[in-house]
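Chemist: This is the structure I have questions about; it appears just below.
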Amino acid sequence: MGFTLRAALAALGPTGHVTVAELVPAVVTWSRGLMADVFGESLDDPRVSIREADVGQLIRSGRSTFDAVLLDVDNGPDGLTRAANDALYDLQGLRAARAALRSDGVLAVWSAGPNAAFTKRLLKSGFLVSEVRVRASKSLTGAKHVIWIATSPAS
Numbered sequence: 128m129g130f131t132l133r134a135a136l137a138a139l140g141p142t143g144h145v146t147v148a149e150l151v152p153a154v155v156t157w158s159r160g161l162m163a164d165v166f167g168e169s170l171d172d173p174r175v176s177i178r179e180a181d182v183g184q185l186i187r188s189g190r191s192t193f194d195a196v197l198l199d200v201d202n203g204p205d206g207l208t209r210a211a212n213d214a215l216y217d218l219q220g221l222r223a224a225r226a227a228l229r230s231d232g233v234l235a236v237w238s239a240g241p242n243a244a245f246t247k248r249l250l251k252s253g254f255l256v257s258e259v260r261v262r263a264s265k266s267l268t269g270a271k272h273v274i275w276i277a278t279s280p281a282s
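Every position in the sequence shown, counted from 1, becomes a number in my numbering once 127 is added.
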């Protein structure tokens, strides 16, 4: 609900740009209405463009377009919210993500838990992979989540 966007904007320089893909138009409306306090001014930041589109289609339409692709779509590398999202995490989808990245680009995928098969697919797709385990909250207890940091090596 805007946390990833706000974090990206905080880390991004003044000339950077963030494209947010949202499949459901009602979510964009909701983010400007009921959830406006959570999103703050991030949706009106001139560095942000909102695309009401399937993130997979957006990825497949770009070649060497993005410095980073951040996937916070499902609860991990399985199409939980939509079966069609499986195509983001299979070999073909990962190769499309790699093609959409500029040299030294980064694909980051959030997950509620580990998935060894996904790590293998990332490696098979040509990425260099780091698996980072992070706590769900600032406390020292509680669930640990996984973020895969997959880099596309320079050609």
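Note that beta-carbon positions come from the ideal geometry of N, C-alpha and C, so glycine has one too.
Please confirm whether G203 and S238 have their CB atoms less than 9 angstroms apart.
Modeler: By 1-based counting over the sequence shown, the position of residue 203 is 76. By 1-based counting over the sequence shown, the position of residue 238 is 111. Yes; because the gap between Cβ atoms is below 9 angstroms, this pair is in contact.
Chemist: Check R178 in the structure and name its three-state DSSP category.
Modeler: Within the sequence shown, numbered from 1, the residue matching residue 178 stands at position 51. Reduced to three states, the DSSP call for R178 is strand.
Chemist: Roughly how many angstroms lie between the CA atoms of A226 and G189, to the nearest whole one?
Modeler: As a position in the sequence shown, residue 226 is number 99, starting the count at 1. As a position in the sequence shown, residue 189 is number 62, starting the count at 1. Looking at the two C-alpha atoms, the distance is approximately 8 angstroms.
Chemist: Using 8 angstroms as the Cβ pair cut-off and three pairs as the minimum, do the region 216 to 225 and the region 262 to 270 touch?
Modeler: No: fewer than three Cβ pairs fall under 8 angstroms.
Chemist: For A263, collect the residues of the same chain with a Cβ closer than 8 angstroms to its Cβ; drop the 5 residues on either side in sequence, then sort them by chain order.
Modeler: By 1-based counting over the sequence shown, the position of residue 263 is 136. G269, A270, K271 and H272, listed in sequence order.
Chemist: Can you give the beta carbon distance from I186 to V233, rounded, assuming they're within the 8 angstroms contact cut?
Modeler: As a working note, residue 186 is residue 59 in the sequence shown. As a working note, residue 233 is residue 106 in the sequence shown. Incorrect: roughly 13 angstroms between the Cβ atoms, too far for contact.
Chemist: What did DSSP end up calling S158 once you bin it into helix, strand or coil?
Modeler: To locate residue 158, count along the sequence shown from 1; it is residue 31. Correct three-state label for S158: helix.
Chemist: Return yes when the Cβ of V147 is within less than 9 angstroms of the Cβ of L161, no when it is not.
Modeler: Within the sequence shown, numbered from 1, the residue matching residue 161 stands at position 34. Within the sequence shown, numbered from 1, the residue matching residue 147 stands at position 20. Going by beta carbons, L161 and V147 fall outside the 9 angstroms limit.
Chemist: Excluding the five sequence neighbours on either side, which residues of its own chain have a C-beta within less than 6 angstroms of the C-beta of S116, listed in chain order?
Modeler: Residue 116 lies beyond the residue range present for the chain, which begins at 128 and ends at 282; the question has no answer from this structure.
Chemist: So who's on the other strand from F245, going by DSSP bridges?
Modeler: For the purposes of this step, residue 245 is taken as the residue at position 118 of the sequence shown. Looking at the DSSP assignment, F245 forms no beta bridge with any residue, so it has no partner.
Chemist: For A210 and P152, what's the separation of their Cα atoms in angstroms?
Modeler: Numbered from its first residue, the sequence shown carries residue 210 at position 83. Numbered from its first residue, the sequence shown carries residue 152 at position 25. Each residue's Cα considered, the two are about 19 angstroms apart.
Chemist: Taking the C-alpha atoms as reference points, what is the distance between F245 and A135?
Modeler: Counted from its first residue, the sequence shown places residue 245 at position 118. Counted from its first residue, the sequence shown places residue 135 at position 8. Each residue's alpha carbon lies about 24 angstroms from the other.
Chemist: Here's the rule: buried if 16 or more other CB atoms are within 10 angstroms of the residue's CB, otherwise exposed. What is L215?
Modeler: Here residue 215 corresponds to residue number 88 of the sequence shown, with the count starting at 1. So L215 counts as buried.
Chemist: What residue does the beta strand (DSSP E) around G220 start on, and which one ends it?
Modeler: For the purposes of this step, residue 220 is taken as residue 93 along the sequence shown, with counting starting at 1. Run containing G220: none in the beta strand (DSSP E); it sits in the alpha helix (DSSP H), L218 to A227.
Chemist: Just curious, the beta strand (DSSP E) that R190 is in, first and last residue?
Modeler: Here residue 190 refers to the residue found at position 63 of the sequence shown. First-last for R190: undefined, no H or E at that position.
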